[in-house]
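In our numbering, the protein residues as written are 1055 to 1498.
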Amino acid sequence: MRDLLVTAVVFGLLPYVFSRVHWGVYLSAWIGYMNPHRLTYGFAFSMPFAQIIAICTLIGMVMSKEKKRMVWSAEIFVLILLILWMGVSTIFALFPDIAYEKYITVLKIQILTLLTLLVLTSREKVHMFIWVIVLSLGFYGVKGGIFTILTGGGSHVVGPSGSFIEGNNELALALIMTIPLVRYLHLNETNKWVKRGLGVAILLCTVAVVGSQSRGALIGLVAMGFVFWLKSRNKMTTGLLILVAVAIIVPLMPQSWYSRMDTIQTYEEDGSAMQRINAWKLSASVANDRLTGGGFNMYRKSVYEQYAERPEWVFDAHSIYFKMLGEHGYIGLALFLLLLGLTWKKCSNIMRNTRKRADLKWANDLAAMIQATIIGYTSAGAFLGQCYFDYVYHLVAVVVVLGDLVGRALKEPEVVAERAVEVRPSRMSPRRFTARPATPPRSG
């Protein structure tokens, strides 16, 4: 039944992609983030929905008369340079054939990122794109939060198999990045029931992150939570949400969770942590020896035997920084950090330029919450190797589009929403007088 449902939804919406190409971007995001086909048990599980949607979207780009606009900015130039440098590191990779396969996957992700940049040409499309991301990942956050509460936090919260968010660490990172976007929708929602639902989703997603039992995610959640509160428009409401989440989590989690989190302070005694540090040192050694790094998927036994202090510990870098450093060298890491830094700076510019414009308050909120998302990604990502996660690159595209929309809006006079004013008769209104005929003078 699930197979038929997912297939019906995808193929039922594909015809719209040819005339409304932005629907192709929405569908791609839904399949890429939620991975609904990975929740099936039959033919749909391995069906290449992403490729089918991508092909239809590319055809729609040619056929559709829908407005498209390429926004060139410093962020996009740096992104293109990063993609090209990854190609160079692939040519000189330690394992070229394996690296080439991964590079093709990364290229597909970046092509969809550029398509997103082309078709999100209005506030409505950007808003809908955020809704797609929130619903796709929020599904696992709400589900995971309920699961954590019902099980008393005794089991890990994980994502769908065969996806970017399959593991507990990866799902936790995605949810940390999503919570601020849920808050953006919460701030700008007018329907009170939807608004309440979004508030509950924030709490359950937070519980799900803790229920993942990921130590790196806990650090990212704390860092994101502080910026989340700092950047939020209504700090009292945001603070209340954080306090409620803490009040739910503290008594809920078992002693085993607290024992696991305590190892953050005693990482020298933890085997997993020491394996990561060994992988980080290996990444630096490879980057010092090779300008282009080792290329995609270089973390293999032969490389550890040549570069690692402990060659018996063959372990992935599990860090966006050291993974980028090891696979693409210092130039790759510098371009990656520059991309994140420019995106943060553009968010700050958007916030500064929209602070006094009531009609652009939505853009101010979105830029602020994306900054909270960046903090969550860069802090939790220090312990997770999700440097090719399409989520972060989609957000770069959203910020670039947002900057363009704000720049265009600032050239126009502020749009002030008209309020309906009820006109009532004034109590001080003059009385009505009835004209009387003049009395003729008496003759006498």
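Note that CB positions come from ideal geometry on N, CA and C, so glycine has one too.
{"query": "Alpha-carbon to alpha-carbon, alanine 1417 and alanine 1463", "result": "11 Å"}
{"query": "Valine 1060 versus proline 1090 - alpha carbon distance", "result": "7 Å"}
{"query": "Where glutamine 1164 falls: helix, strand or coil (DSSP)", "result": "helix"}
{"query": "Sufficient close CB pairs (3 or more, under 8 Å) joining the segment 1208–1228 to the segment 1285–1293", "result": "no"}
{"query": "Buried versus exposed, by CB contacts within 10 Å (16 or more), glycine 1274", "result": "buried"}
{"query": "Given 8 Å, three or more beta-carbon pairs between the segment 1280–1287 and the segment 1176–1186", "result": "no"}
{"query": "DSSP state of glutamate 1155 mapped onto helix, strand, coil", "result": "helix"}
{"query": "Short Cβ contact (8 Å threshold) for leucine 1393 with valine 1450", "result": "yes"}
{"query": "Cβ-Cβ distance between isoleucine 1113 and phenylalanine 1072 below 8 Å", "result": "yes"}
{"query": "Residue from Arg1409, Val1079 and Lys1197 with nearest C-alpha to isoleucine 1106", "result": "Val1079"}
{"query": "Secondary structure of valine 1071, DSSP reduced to three states", "result": "helix"}
{"query": "Beta-carbon gap between leucine 1258 and isoleucine 1200 smaller than 8 Å", "result": "yes"}
{"query": "Asparagine 1342 versus valine 1125 - alpha carbon distance", "result": "36 Å"}
{"query": "Residue of Leu1068, Tyr1384 and Arg1354 minimising C-alpha distance to aspartate 1370", "result": "Arg1354"}
{"query": "Pairwise C-alpha distance: alanine 1436 and valine 1340", "result": "19 Å"}
{"query": "Separation of lysine 1249 from leucine 1336, as counted between CA atoms", "result": "48 Å"}
{"query": "Secondary structure of cysteine 1441, DSSP reduced to three states", "result": "coil"}
{"query": "First and last residue of the uninterrupted alpha helix (DSSP H) at phenylalanine 1201", "result": "1177–1205"}
{"query": "3 or more residues per run - each beta strand (DSSP E) lying fully within the segment 1361–1407", "result": "none"}
{"query": "Distance CB(threonine 1432)-CB(methionine 1231) smaller than 8 Å", "result": "no"}
{"query": "CB-CB length for valine 1196 against leucine 1235, believed under 8 Å", "result": "14 Å between Cβ atoms; not a contact."}
{"query": "Own chain residues within Cβ distance below 7 Å of tyrosine 1070, not counting five before or after", "result": "Trp1077"}
{"query": "Which listed residue (Gly1457, Val1453, Lys1465 and Glu1381) has its alpha carbon closest to that of glycine 1141", "result": "Glu1381"}
{"query": "Straight-line gap, glutamate 1323 to valine 1446 (C-alpha atoms, nearest Å)", "result": "Its pLDDT being 44, under 50, glutamate 1323 is placed unreliably by the model, and the measurement read from it follows with that caveat. Those two C-alpha atoms are separated by around 33 Å."}
{"query": "Exposure of tyrosine 1238, with buried meaning 16 or more beta-carbon neighbours within 10 Å", "result": "buried"}
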